[in-house]
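Going by the working numbering, the sequence shown opens with residue 188, and the numbers climb by one from there. Read the structure below first, then the notes.
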Amino acid sequence: MGNKNDKAYCTIAIAAANVIVFLYLSFGGMTENGEYMLAHGAMYVPYILENGEYYRLLTSIFLHFGFQHLFNNMVMLLMIGWNLELEMGRVRYVITYFVSGLAGNILSGFLDIRLQDFAVSAGASGAIFGITGALLYVVVCNHGRLRDISSRGMFVMIAISLYFGFSSTGVDNAAHVGGLAAGILCGILLYRKRHREYGSFA
């Protein structure tokens, strides 16, 4: 596990699914349009509570508002997810990804209810913050460095990502924070440090 020649197949599959969904929706309408996205599974708390459409907690993770939104998230997914999947293992990685995405949406929905401020939301960023948090825990467990990744670099990246989120408009920061917290927790519960192999025998 973690060999440089290994392939992160689950990360590739998740990224491919996001791209396929985006292309499919792009041929049918404008992905920047909230009503169009709502009709195709975006997150919206009143529909979940009043109509029992709980599937939106999951389907919204695969929807993106425009190409730039998709591109930014997929770049982060491939960078972070590739490293985490190889280190954590495929099953634990997939569990972390989806638990983080769901947790981010749940926290976002809870705050919407508390504030009575409902918005249509979508995106994989809660799940991506989750795998980022899990990778941070993994790096810390490996004495602050995992291949070319350092815990200091991870902290800085997370801090910058959160800062840009909170300083921008139209960003679901609750989903980011909820996903990050869930990812760290998943790392604590699921990650098992592996013994490094510095040589091999034929």
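From the three backbone atoms N, C-alpha and C, an ideal C-beta is built for every residue, glycine too.
With respect to the C-alpha of Leu-210, the residue from Leu-257, Lys-194 and Asn-238 having the closest C-alpha is Leu-257. Between Arg-339 and Gly-331, the alpha-carbon positions lie close to 8 Å from each other. Around the beta-carbon of Ser-308, 16 or more other beta-carbon atoms lie within 10 Å, marking it buried.
Taking 9 Å as the cut-off, the Cβ atoms of Gly-239 and Ile-315 do not count as close.
Between Ile-336 and Val-326, the beta carbon gap of about 5 Å places them in contact (Cβ cut-off 8 Å). At a Cβ-Cβ threshold of 9 Å, Gly-352 and Ile-248 do not count as neighbours. Between Arg-334 and the set Val-358, Ala-306 and Glu-274, the nearest pair of CA atoms involves Glu-274. Distance between Leu-225 and Tyr-231, taken at the CA atoms: about 7 Å.
Leu-212 is classed as buried because its beta carbon has at least 16 other beta carbons within 10 Å across all chains shown.
With 16 or more other CB atoms across the displayed protein chains lying within 10 angstroms of its CB, Phe-252 is buried. Cβ-Cβ distances below 8 Å link Pro-233 to Phe-305 in the same chain, with the five nearest sequence neighbours on each side left out; the list follows chain order. Judged by their CB atoms, Gly-291 and Val-364 are nearer to each other than the 9 Å cut-off. Looking only at Ser-287, Arg-301 and Ile-345, the smallest Cα-Cα distance to Gly-374 is reached by Ser-287. Counting only residues of its own chain and dropping the five nearest sequence neighbours on each side, Leu-323 has a CB closer than 6 Å to the CB of Met-341. In this structure, Cys-328 lies away from Gly-268, with their beta-carbon atoms at least 9 Å apart.
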